[in-house]
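Asker: As numbered in mature numbering (1 follows the signal peptide of the UniProt record, and there is no 0), residues -23 to -1, 1 to 739 make up the sequence shown, in order.
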Amino acid sequence: MQLFPVSVAAALAAYGSLPPALAQTQLQPAPPEAAASAPARQQRPTQRPAAKPADAKPPAQLDRVEVDGQASDESIRRASTASKIVITREEIDRFGDTTLGEVIKRLPGVTTGGRPGRGGEIRMRGMGRGYTQILVNGERMPPGFSLDELPPEQIERIEVLRAPTAEYGTRAVAGTINIVLREALKRKLNEFRAGFAAERGRLSPGLSWTRNDGFGAGHAYNFTVNAMRGERLDKVINDTLTHTDASGSDSLLSSRGTSADSRTGLHVNARIQLKLDGGDSLALQPFLVSSRSDTSSHLLQTTTPAPSPQPAGFFDQFDTGGSSRFTMARLNAQWLTRAGPDTRIELRGGIGHAQGDSHSRRQERLAGVATRLQDDDTQSRDSSWSALAKLSHNLGGEHSLVAGLEGEGTTRDQNRVTLVNGAPQPGLQDFGDDLDAASTRFAAYAQDEWSMGKQWDFYAGARWEGITTRSSAANYDAHNRSSVFTPLAHARYKLDERGRQMLRFSLTRSYRSPQLQDLIARPTLNSQVPHQANTPDRAGNPDLKPELATGFEIGFENYLSKGGLLSANFFARRISNLMRTVTSLETVSWSATPRWVARPRNIGNASTAGLELEARFRLDEWLEDALPVNVRSNLSLFTSRVGGIPGPNNRIDAQPKGTANLGADYRLKTLPLSLGASLNWTPQTTIQQTTLTEVTASRKAVLDAFALWAIDTAQSLRLSATNLSALDYFTGTVIDTGAQLITSRSGGPSYTQWQLRWEMKI
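In C-alpha cells:
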C-alpha cells in the first residue's frame, strides 16, 4: 500500500486560503527494520531508554538517541505503542532557533502564543493554557520558570506524546511535551558555539560550551554552559472604542508608544553517570538557571472626544520601568538496580529551590505633570521536592509490567508590597503583603504492555493522582483538594510484517488541574481610567475543580523506504468542569463601588476533535530525476464546542481552526553548503470566550530560513533568519455588557531576526 504525499497538499488546498502543502523541515535517517519489528515498550521521559524485551537480540536495541544523530528517532516512534514523536539534536539545531517555542512550532498541531518570532506559550492541538503537559527530564518545573529561558543548545531531544500514559502522568488533555537535557555518554565531545542575533539594529550575543567524556571504570559525565544577552524594542498600539447605548455616544481611547526589554541569562546543566558494582548505576543531574530582565515603556494616551469634566485619576501619558531576577537550582538523582534477571528497580529523587525578585514602577502624568505613581515590589521563594519508586518486571509471554509510586511538593512564600504615591494601595490592606501557598501531589500507577502474535501490541494502564493545595494570607485561608482516577488503553496493529504500515488506537482519561495562581484569592487591581469591562481587576477562585477529559484517538502511519513518513491521526476529547476566566461586575471588599473582576470559574462541558496529517519524504523518492530534497509538510484541523456559550465561535480557549507547516532542506553536492526554509501558518482565530466577551487573534505566517557552511569536519558557520514575513500581530476583544459595547485591540508590528553562529567540535 503506497500513498502519495500529495494527500496533505490536497487537503491544504481544500482548506481554502491555505497555500499548497505547508510543512516542516526535518532530516530523517532511514529507520532500521529491526527496531520496527521488535516488541513495543514505553519509556519513562528520562535520559535512559526502556528495558530491552526478553526475546530481543542485542543488535535490535536502538532505543538510545545519540547526540550525533546517527540513531533513528523514527525507530523510537515506530516501536512505541502510544503515539510518540521525537525531535533529535539535528532537528533542534537546524534553523538556529533561540527559543524552544520556535523549534516546536513546526510539529503537527502545535501553535504558540504571542507575536510571530517571539516564542510564547506552547499549545498542542491549539488548546491554550494548562492543556499541554510540559516536562523537563520528566518533571514539572517550579512556578516562574519559562521554557523560553531554556536554550535549545542544552537539549538532547524533545519527546511528544499525543495521548497520556500512566507513567508519564495524565495532566495532559492535549498531550505531553518532555524536554530531555543533554546526556552523559562515553563518547568524547567538546563543542563550542558563539554567535549573535540582530533585530532592528540591536545585537544579542550568545555563547555555549558542551563537554562529554568518560572517566574511571565505565563512568561518564556531561555538562553544558550557556550564556546569553538579548535586547528587543517593540512598537505598541492600543485602541479601545466604547459605545454607550443610553446616550448613543462613542469614545475612543488610544495609546501609542514603545516598549523595550533586555535579558541576560546563565544556564548550566550537567549529568554524572556512575557505574556501580553488580550492574547498578547512579546518575546525578544538577541544573542551574540565573536570569535578569529589565523592561521599560513610554506611551502617550489620547481620548476622543476629550472628557469634560475630566474624571478623577485621568491621565494622558504613562511610563513604566521594571527589573526582575530569577534563580533556580535543582539536583536530581537516579539509582537503577536489578532484583533478578527479569526485574528492575528505579529510585529517583530531586530537590529544588527558586527565587524571584521584581520591582516595577508606573508613573502617570496629565499635561506633563506627575499625578499617580505606583510601585510594586514582589519577592517569591519556591522550594520543591520529588520522589519516585518504579518497578519493571518481565512477566513472560511478552508481558512487561511497570508499577510506581510518585510524590511531589512545592511551597511558595511571597511578599508583595504595592504603594500608590508612597502609601499602601487603597482597598488591599485587609489582604496583607504576605502570601503562603503549598501544593502536594501523590500518585500510584500500574501498566502492562504485551504482544499478541506478530501484528498486535497492547497497552493497559491506570493511574490515581491526588492534589492538595493551600494558600493563606492576612484575611483568608483557602484549601483545595482533588483526586482523579484515570484508566488508559493503547493498541498498535501492523498492517505488514515489517511494520512499515500500522494503525494506532487510544482510549484515555486525563485532566487539567487549576494552577496555584488561579486558586489564590488576593486581587490585582487595574488602575486604568475609566474602569470598564475590558480593564478588569483580577482575582483567583479557591473553589475551582479540575477538568476531566475522556479521549479517543485513531491513527495511521506509513513509513517510506528512504526514511519518510505519511500519517493521519484523528483525536476527540469530551471535557467536563471546563475552567474559563469570566469577567463580571461584583461588589468587592476593596472598593466602595462595584468593580469589574475577572476570575476563573467552572462553566460546564466542552468537546473538541481534530485531524492531523503529516507527510515527510525525500523528493527523489517520488520524482525519479529530482534532487534529494528533504520535504516536511503537516496540516492540522480543529473543531470544538463549549456548552452554554452562544455560537458560532464557542470554541476551546485559543484554539484556531487549523495550523500548517511546509519546509524543505537540501545539501549541495558541489559545495559544503546546506540550505533550508520553513513556513508556519495559523489562520485568524475568533473565540466566544463568555456570553459577554469575544476574543480575536491575528493570523500568523512565519517564514524561517537557514544556510549552513561546513568549513571543515569540525567547524561550521550558520546563518539563519526568523520571521522573514514579519506581519503585524494584534489581539482584540469585543465586550457587550448590555449597557456598553467595548471594542479593543492591542499589538503592533513583528520583526525579522537575523542570526550568525560559529560552531566547532573537538
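We treat Cβ as the ideally placed atom computed from N, Cα and C, and that holds for glycine.
Please look up how many angstroms separate the CB atoms of residue 178 and residue 102, rounded, as I've assumed it's under 8 Å.
Answerer: Actually they are not in contact, since the Cβ atoms of residue 178 and residue 102 sit about 38 Å apart, beyond 8 Å.
Asker: If residue 173 and residue 733 are in contact, beta carbons under 8 Å, what's the gap, nearest whole angstrom?
Answerer: About 6 Å separates the two Cβ atoms, so the contact holds.
Asker: Are the beta-carbon atoms of residue 577 and residue 535 separated by less than 7 Å?
Answerer: No. Outside cutoff.
Asker: Is residue 700 closer than 7 Å to residue 659 when the C-beta atoms are compared?
Answerer: Their beta carbons are not under 7 Å apart, which means residue 659 does not touch residue 700 by this criterion.
Asker: From the DSSP output, in three-state form, read off residue 720 for me.
Answerer: Strand.
Asker: Just to confirm before moving on: does the CB-CB distance between residue 583 and residue 616 stay below 7 Å?
Answerer: Their beta carbons are not under 7 Å apart, which means residue 583 does not touch residue 616 by this criterion.
Asker: What residues match up with residue 713 in a beta bridge as DSSP calls it?
Answerer: Partner(s): 718.
Asker: Report all residues from its chain with a CB closer than 6 Å to the CB of residue 442; omit the five preceding and five following residues, and keep chain order.
Answerer: Same-chain partners within the cutoff: 420, 461.
Asker: State the start and end residues of the unbroken alpha helix (DSSP H) segment that holds residue 52.
Answerer: Looking at the DSSP string, the run of the alpha helix (DSSP H) that includes residue 52 is 50 to 56.
Asker: Are residue 721 and residue 511 closer than 7 Å when you measure CB to CB?
Answerer: Closer than 7 Å, so yes.
Asker: Cα separation between residue 145 and residue 115?
Answerer: In a straight line, the C-alpha of residue 145 is about 7 Å away from that of residue 115.
Asker: When the Cα of residue 677 is compared with those of 83, 53, 57, 618, which residue comes out closest?
Answerer: Of the candidates 83, 53, 57, 618, the one whose C-alpha sits nearest the C-alpha of residue 677 is 83.
Asker: Flag this pair as yes or no: are the beta carbons of residue 531 and residue 594 separated by less than 7 Å?
Answerer: Their beta carbons are not under 7 Å apart, which means residue 531 does not touch residue 594 by this criterion.
Asker: Tell me which same chain residues have a C-beta within less than 8 Å of the C-beta of residue 196, skipping the five on either side of it?
Answerer: Closer than 8 Å at the Cβ level, and outside the excluded window around residue 196, lie 249, 250, 251, 252.
Asker: Which residue from 432, 412, 484 puts its Cα closest to that of residue 438?
Answerer: For residue 438, the nearest C-alpha among the options comes from 484.
Asker: Keeping to the same chain, check which residues put their C-beta closer than 6 Å to that of residue 3; ignore five residues upstream and five downstream.
Answerer: Caution is warranted here: a pLDDT of 37 is assigned to residue 3, below 50, making its placement in the model unreliable, and no coordinate value can be reported.
Asker: For residue 464, which residues does DSSP report across the bridge?
Answerer: Paired residues: 439.
Asker: I'd like the list of long-range same chain contacts for residue 702, defined as Cβ closer than 7 Å, with 5 residues on each side in sequence excluded.
Answerer: If we look at residue 702 and ignore the five residues flanking it on each side, its Cβ neighbours are 678, 679, 680.
Asker: What's the call for residue 382, buried or exposed, on a 16-neighbour Cβ count within 10 Å?
Answerer: The residue is exposed, with fewer than 16 neighbouring Cβ atoms inside 10 Å.
Asker: Could you tell me whether the region 396 to 404 touches the region 337 to 353, using the rule of 3 or more Cβ pairs below 8 Å?
Answerer: Result yes; three or more Cβ-Cβ pairs closer than 8 Å.
Asker: Where does residue 345 land, buried or exposed, given buried means 16+ other C-beta within 10 angstroms?
Answerer: Burial call: exposed.
Asker: Residue ranges of each beta strand (DSSP E) run of no fewer than 3 residues wholly in the region 637 to 678, ordered along the chain?
Answerer: Here the runs fully enclosed are 650 to 659, 662 to 665, 670 to 674.
Asker: On a Cα-Cα basis, can you pick out the residue from 466, 591, 654 that is closest to residue 542?
Answerer: When each option's Cα is compared against that of residue 542, the closest is 591.
Asker: Excluding the 5 residues preceding and the 5 following residue 650 in the sequence, name in chain order all residues of the same chain whose CB lies nearer than 6 Å to its CB.
Answerer: If we look at residue 650 and ignore the five residues flanking it on each side, its Cβ neighbours are 686.
Asker: Quick check on the DSSP output: what are the complete beta strand (DSSP E) runs of length 3 or more inside the region 98 to 179, in order along the chain?
Answerer: The qualifying runs are 99 to 101, 109 to 113, 132 to 138, 152 to 158, 166 to 176.
Asker: Please list the terminal residues of the continuous beta strand (DSSP E) segment that includes residue 478.
Answerer: Counting along the chain, the beta strand (DSSP E) containing residue 478 begins and ends at 478 to 489.
Asker: In the DSSP assignment, what are the bridge partners of residue 632?
Answerer: DSSP output for residue 632 lists no bridge partner at all.
Asker: Thinking C-alpha only, which one of 371, 363, 395 is nearest residue 384?
Answerer: Closest by alpha carbon: 363.
Asker: From residue 211 to residue 180, what does the alpha carbon distance come to, in whole angstroms?
Answerer: Rounded to the nearest angstrom, the two C-alpha atoms are 15 Å apart.
Asker: Is it the case that the region 236 to 244 contacts the region 196 to 210, given that we only count it when at least three CB pairs across the two stretches are under 8 Å?
Answerer: Enough Cβ pairs lie closer than 8 Å, so yes.
Asker: Who pairs with residue 734 in a beta bridge, going by DSSP?
Answerer: Paired residue(s): 172, 695.
Asker: What separation, rounded to the nearest whole angstrom, lies between the Cα atoms of residue 413 and residue 492?
Answerer: The alpha-carbon atoms of residue 413 and residue 492 are separated by roughly 15 Å.
Asker: What is the rounded straight-line gap between the Cα of residue 604 and the Cα of residue 539?
Answerer: Cα-Cα distance, rounded: 14 Å.
Asker: Report all residues from its chain with a CB closer than 6 Å to the CB of residue 309; omit the five preceding and five following residues, and keep chain order.
Answerer: Correct list, in chain order: 262, 327.
Asker: Buried or exposed, going by whether 16 or more other CB atoms sit within 10 Å of the CB of residue 129?
Answerer: Residue 129 should be labelled buried.
Asker: Can you check whether the CB of residue 75 is closer than 7 Å to the CB of residue 467?
Answerer: Not in contact: residue 467 and residue 75 (Cβ atoms no closer than 7 Å).
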